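Residue numbers (my numbering), protein chains in the order written: chain A, 1 to 229; chain B, 230 to 458; chain C, 459 to 687; chain D, 688 to 916. Notes follow once the structure below has been shown.
Protein chains: 4
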Amino acid sequence: MDTINKTNATEGAKETSRIETFSDGVFAIAITLLILDLIQILHQQNEVGLIKLLLTHYQALIAFIIGFLTILICWINHHLVFVYLNKTDSYLMWVNGFVLLVVTFTPFPTAILAEYFDKETHVTLAFFGFNYFMMSLAAYSLCAYSYNKYLIKEDSRELFYYFKLKYRYSIIYTFLILFIGLISIPLAIILYCILFIAFAFPRQFAMRIMLMKSGRKTRLEKLKRKKHN
Amino acid sequence: MDTINKTNATEGAKETSRIETFSDGVFAIAITLLILDLIQILHQQNEVGLIKLLLTHYQALIAFIIGFLTILICWINHHLVFVYLNKTDSYLMWVNGFVLLVVTFTPFPTAILAEYFDKETHVTLAFFGFNYFMMSLAAYSLCAYSYNKYLIKEDSRELFYYFKLKYRYSIIYTFLILFIGLISIPLAIILYCILFIAFAFPRQFAMRIMLMKSGRKTRLEKLKRKKHN
Amino acid sequence: MDTINKTNATEGAKETSRIETFSDGVFAIAITLLILDLIQILHQQNEVGLIKLLLTHYQALIAFIIGFLTILICWINHHLVFVYLNKTDSYLMWVNGFVLLVVTFTPFPTAILAEYFDKETHVTLAFFGFNYFMMSLAAYSLCAYSYNKYLIKEDSRELFYYFKLKYRYSIIYTFLILFIGLISIPLAIILYCILFIAFAFPRQFAMRIMLMKSGRKTRLEKLKRKKHN
Amino acid sequence: MDTINKTNATEGAKETSRIETFSDGVFAIAITLLILDLIQILHQQNEVGLIKLLLTHYQALIAFIIGFLTILICWINHHLVFVYLNKTDSYLMWVNGFVLLVVTFTPFPTAILAEYFDKETHVTLAFFGFNYFMMSLAAYSLCAYSYNKYLIKEDSRELFYYFKLKYRYSIIYTFLILFIGLISIPLAIILYCILFIAFAFPRQFAMRIMLMKSGRKTRLEKLKRKKHN
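Next up, the structure:
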């Protein structure tokens, strides 16, 4: 089944670009739909003045920006993975479909954030955090599948391994913040900010892990050599 | 009129890719709009708590996932057909337009599913089932038209014949489930799950039919030879 | 200013494809947004049964299909024009922007059609007819501008002249139906159906005009020759 | 970090086109979503006649057209910048992300314009003006970053400098109108119209600045020469 399933390199490049076009469409729509929830506010009450209305709903604006950044970071990461992909198979469509499901879903926890953050902070945060956890899981699945099935460019295999590692770490990280959010909300928010910064520049982040790991290895080798001598 | 209408191979490849870009846009938007119905819930009642509200509307979440999977499977199938197409004509635009009409319509039965499944299960299921029936009809039309008008790559004609066959089967299958849904809802749901799985990997499914058919032929030939001897 | 403004042939092909990508996006979204108005119905009243609710709003379904066909026909026509374009300039962006404005606006008269057709038939029809008139105007502007500024492929100039002519006819035609709609609604609807069919296959329609015109010319020449003899 | 980050020219062209595809998607959706606010009106009150309803909400139509023109002009400008870009880096994604954030946000001040212009003219205008100010800031950031990091085609560097200058002027200009809007609304509107016209043809506008500047330089040189003589 494998030979039927997997495309060759030239066809593969065309194929991957098509999956990316569809995915880009989904990302672009999800990121733009967020504004609808903000516009919704204007139709709710008309008695108070505009400035008062907007001040009452300042959370909706913050939620909009958080939702926007979340999907933008997802797109940057998704896009980077597809730079290295040069083959596809039938299952990749489904792994990518999982990523798209989470992306499409993101406006929902964002809307919850906008409307319920002050009333039910813990539940809201847990809901939004669960979305990040699912996103990490989806991103890891995409990376791990591409890596294990040799769908990526041969010369980028080593770097891509650290991509995979990066998303594996993020699964554990986002899982932990879920529980930290139950104890301390400010701490959870700080940890999410760190997550944002780390994944805002995914290539550099992966390279840093690579350098750290190889650095540790070199140090270990040095230690071994010392012992040997 | 035919020579005017049909494009040559190189131009055709460009043309088909343009139709696909437009179609991909429609698919991407239809799949992302599904979340709007889920967000709608948050604006309905604010007295009960968030968790209670979401639990009451758990059907909307299931409907969202079903709608998402439906459109994703449609995209995968649509995309696969366009891998083999290398010519277009004026009528193909309209056959493809029929597919897009059904895709664009899909969020409507999904919204019905979300809101009426518990109250009017049979009607809801019939409505959603009718959508699948129309989709099979549209997919078959696209395949049959491309096959009959020689719009596909010459070397893929045999495989594509089984694509056509696959969608012809699905017309009958989805038509039957429409009536089964009136008798037994669980059975209908199981049959839809089988449909989902079969069309989740359309290439493999077509190849299986091909192997089965050719296997039967070989057995028939063997039988004939036996009789002959 | 002209030399700065106009791009050369190879760059032009890239440029036109970019304008088309953006336009395709707008068309794809406008066509998919139509379903939102249909979904809206489900949230209005919940007391009556689903079937009764849908039967009451059967006009919304018809409006959805009409809106869908309108935008699809627009896309087919827009797409065909861009097949022949191989240069762009700054003003083309704005002429194309006019087309997109009308396309983006189309869901609005469609929504009016869905909600007001039974109550205020004449006004609704006039509104929808005005949209068609504007669309003809926009399509003619695009064609005429491309033709007059030599932005189209050299070898297609003759055919393209008939494209231009076709849209010029449609301006007059849609303008006339606007008034016919005030006298007889069924006649207006029939005339719109003819419009739909004619523009559903724009290339064939243009060629028919070309053949008719050249046929008349040949006949005229024959007549002249007869007289001469 | 720089060598890792920046792509080479051929890869860069592919990369920039991908960012543009995603951006085009966002622009296309933002521009099409504007109509939803207009459709919303139809669902508000049904007692009065259609024409009366539309006349009451004529501002919503004007707001729709203003919003449409705003995003279209943004797209034309964004698109023009990407014509000259042939390299990307990780930070460009974020600078471009800032542009997209403002574009995505635009339907919100447009909706405010539609609903509050008659009630709270000054606040509405300030809000919409602030959006233009942010847009100028975003456009300038994109230009300045691309220029300073040498991400643009070598032979267009001089022209691009005037692009950068153009957006720097627009920051000051939009900032000033913000305050003028507090004093005189008609004057502010006239100044916005001039802004629209200037940025509707961004290439020509930049070239005019270039000619003016070089003209002044030449005149200065002439003056110097005169003095010298």
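Yeah, the Cβ is synthetic: ideal placement off N, Cα and C, and Gly gets one too. A quick note: this is a predicted structure, and the numbers were derived from the prediction, not measured.
- prompt: What beta strand (DSSP E) runs, 3 residues minimum, are completely inside the stretch 292 to 359 of chain B?
  reply: none
- request: Output yes if chain C places a C-beta closer than 8 Å to the C-beta of residue 757 (chain D); else output no.
  value: Looking up residue 757 (chain D) in the fourth sequence gives position 70. So, not an interface residue.
query: List, in order along the chain, the chain D residues whose C-beta lies closer than 7 Å to that of residue 551 (chain C)?
result: Position 93 of the third sequence holds residue 551 (chain C). Per Cβ cutoff of 7 Å: 763.
query: Would the stretch 782 to 793 of chain D and the stretch 709 to 716 of chain D be scored as touching if the rule is three or more Cβ pairs under 8 Å?
result: yes
- prompt: Rounded to a whole number of angstroms, what is the C-alpha to C-alpha distance between residue 317 (chain B) and residue 245 (chain B)?
  reply: By 1-based counting over the second sequence, the position of residue 317 (chain B) is 88. By 1-based counting over the second sequence, the position of residue 245 (chain B) is 16. Their Cα atoms are separated by approximately 6 Å.
query: Taking 7 Å as the line, does the beta carbon of residue 490 (chain C) fall inside it for any heavy atom of the ligand GTP?
result: Because no ligand of any kind appears in the structure shown, any question about the ligand GTP cannot be addressed here.
CA nearest to the CA of residue 631 (chain C), picked from C:661, C:613 and C:598: Residue numbering aside, residue 631 (chain C) sits at position 173 when the third sequence is read from its first letter. When only C-alpha atoms are compared, the closest one is C:598.
- request: Would you grab the beta carbon distance between residue 159 (chain A) and residue 85 (chain A) for me? Rounded to a whole angstrom, and I think it's under 8 Å.
  value: Sequence index remark: in the first sequence, residue 159 (chain A) carries index 159 (1-based). Sequence index remark: in the first sequence, residue 85 (chain A) carries index 85 (1-based). Contact flag wrong, Cβ pair sits at about 13 Å.
query: Could you check where the alpha helix (DSSP H) with residue 195 (chain A) kicks off and where it finishes?
result: On the first sequence, residue 195 (chain A) is found 195 positions in, with the first residue counted as 1. Looking at the DSSP string, the run of the alpha helix (DSSP H) that includes residue 195 (chain A) is 185 to 200.
Short CB-CB distance (under 8 Å) between residue 59 (chain A) and chain D: Taking the first sequence and counting its residues from 1, the one referred to as residue 59 (chain A) is at position 59. Chain D, which has no Cβ nearer than 8 Å to the Cβ of residue 59 (chain A), makes this no.
Local Cβ density within 10 Å of residue 344 (chain B), reported as buried at 16 or more and exposed below that: To locate residue 344 (chain B), count along the second sequence from 1; it is residue 115. Flag for residue 344 (chain B) reads buried.
message: Going by C-alpha to C-alpha distance, which of B:301, B:268 and B:371 sits closest to residue 335 (chain B)?
response: Taking the second sequence and counting its residues from 1, one reaches residue 335 (chain B) at position 106. With distances taken between Cα atoms, residue 335 (chain B) lies closest to B:301.
- prompt: residue 280 (chain B) lies in the alpha helix (DSSP H); which residues open and close that run?
  reply: As a working mapping, residue 280 (chain B) is identified with position 51 in the second sequence. Counting along the chain, the alpha helix (DSSP H) containing residue 280 (chain B) begins and ends at 279 to 285.
message: Is the beta carbon of residue 306 (chain B) closer than 8 Å to that of residue 415 (chain B)?
response: The count along the second sequence starts at 1 and reaches residue 415 (chain B) at position 186. The count along the second sequence starts at 1 and reaches residue 306 (chain B) at position 77. Their beta carbons are not under 8 Å apart, which means residue 415 (chain B) does not touch residue 306 (chain B) by this criterion.
- prompt: Below 8 Å between beta carbons: does that hold for residue 375 (chain B) and residue 411 (chain B)?
  reply: Stepping through the second sequence from its first residue, residue 375 (chain B) is reached at position 146. Stepping through the second sequence from its first residue, residue 411 (chain B) is reached at position 182. Cβ atoms of residue 375 (chain B) and residue 411 (chain B): not closer than 8 Å.
- prompt: Exposed or buried, which one is residue 657 (chain C) when buried takes at least 16 other CB atoms within 10 Å?
  reply: What you label residue 657 (chain C) is simply residue 199 of the third sequence in a count that begins at 1. By the neighbour-count rule (16 or more Cβ atoms within 10 Å), residue 657 (chain C) is buried.
query: To the nearest angstrom, how far is it from the Cα of residue 566 (chain C) to the Cα of residue 525 (chain C)?
result: Numbered from 1 along the third sequence, position 108 holds the residue referred to as residue 566 (chain C). Numbered from 1 along the third sequence, position 67 holds the residue referred to as residue 525 (chain C). The straight-line gap from Cα to Cα measures roughly 10 Å.
query: For residue 463 (chain C) and chain B, any beta-carbon pair shorter than 8 Å?
result: Against the third sequence, residue 463 (chain C) aligns to sequence position 5. Model confidence at residue 463 (chain C) stands at a pLDDT of 43, short of 50, so the residue's coordinates are unreliable and nothing is read from them.
- prompt: How about residue 395 (chain B) and residue 373 (chain B): do their beta carbons lie closer than 8 Å?
  reply: Within the second sequence, numbered from 1, the residue matching residue 395 (chain B) stands at position 166. Within the second sequence, numbered from 1, the residue matching residue 373 (chain B) stands at position 144. Not closer than 8 Å, so no.
- prompt: Taking the alpha carbon of residue 505 (chain C) as the point to measure from, which residue in B:408, B:442, B:349 and B:251 has its own alpha carbon closest?
  reply: Residue mapping note: residue 505 (chain C) aligns to position 47 of the third sequence, counting from 1. Checked all of B:408, B:442, B:349 and B:251; the closest Cα to residue 505 (chain C) is B:349.
query: Does any CB atom of chain C fall closer than 8 Å to the CB of residue 708 (chain D)?
result: If you number the fourth sequence from 1, residue 708 (chain D) lands on position 21. It does; some Cβ of chain C falls within 8 Å.
message: Would residue 613 (chain C) pass as an interface residue toward chain B - the criterion being a Cβ-Cβ separation below 8 Å?
response: Sequence index remark: in the third sequence, residue 613 (chain C) carries index 155 (1-based). Not an interface residue.
task: Would you grab the beta carbon distance between residue 249 (chain B) and residue 311 (chain B) for me? Rounded to a whole angstrom, and I think it's under 8 Å.
output: Walking along the second sequence from the start, residue 249 (chain B) turns up at place 20. Walking along the second sequence from the start, residue 311 (chain B) turns up at place 82. Contact flag correct, Cβ pair sits at about 5 Å.
message: Does any residue of chain A have a CB that is nearer than 8 Å to the CB of residue 464 (chain B)?
response: The structure shown does not extend to residue 464 (chain B), since chain B spans only 230 to 458, so no value can be given for it.
message: Is the beta carbon of residue 279 (chain B) closer than 8 Å to that of residue 112 (chain A)?
response: If you number the first sequence from 1, residue 112 (chain A) lands on position 112. If you number the second sequence from 1, residue 279 (chain B) lands on position 50. In contact: residue 112 (chain A) and residue 279 (chain B) (Cβ atoms closer than 8 Å).
Residues bridged to residue 839 (chain D) (per DSSP): Start at 1 with the first residue of the fourth sequence, and residue 839 (chain D) comes out as number 152. In DSSP, residue 839 (chain D) forms a bridge with D:772.
query: Per DSSP, what kind of secondary structure is residue 501 (chain C) in: helix, strand or coil?
result: As a working mapping, residue 501 (chain C) is identified with position 43 in the third sequence. Looking at residue 501 (chain C) - three-state DSSP - the assignment turns out to be coil, as it is neither helix nor strand.
field: Per-residue burial, residue 193 (chain A) [other beta carbons within 10 Å of its own, 16 or more giving buried]
entry: Taking the first sequence and counting its residues from 1, the one referred to as residue 193 (chain A) is at position 193. Exposed, because fewer than 16 other Cβ atoms sit within 10 Å of the Cβ of residue 193 (chain A).
- prompt: So, residue 128 (chain A) versus residue 304 (chain B), is the Cβ gap smaller than 8 Å?
  reply: Translated into positions along the first sequence, residue 128 (chain A) becomes position 128. Translated into positions along the second sequence, residue 304 (chain B) becomes position 75. No, these two residues do not count as a Cβ contact at 8 Å.
- prompt: Do we get a CB-CB distance below 8 Å when we pair residue 109 (chain A) with the residues of chain B?
  reply: One-based indexing of the first sequence puts residue 109 (chain A) at position 109. Cβ-Cβ to chain B under 8 Å: no for residue 109 (chain A).
task: Report the rounded CA-to-CA distance for residue 611 (chain C) versus residue 674 (chain C), giving the unit in angstroms.
output: Stepping through the third sequence from its first residue, residue 611 (chain C) is reached at position 153. Stepping through the third sequence from its first residue, residue 674 (chain C) is reached at position 216. Roughly 27 Å between the two C-alpha positions.
message: For residue 218 (chain A), count the other beta carbons within 10 Å of its own beta carbon; 16 or more makes it buried, fewer makes it exposed. Which is it?
response: Working through the first sequence from its first residue, we reach residue 218 (chain A) at position 218. With fewer than 16 Cβ atoms within 10 Å of its Cβ, residue 218 (chain A) is classed as exposed.
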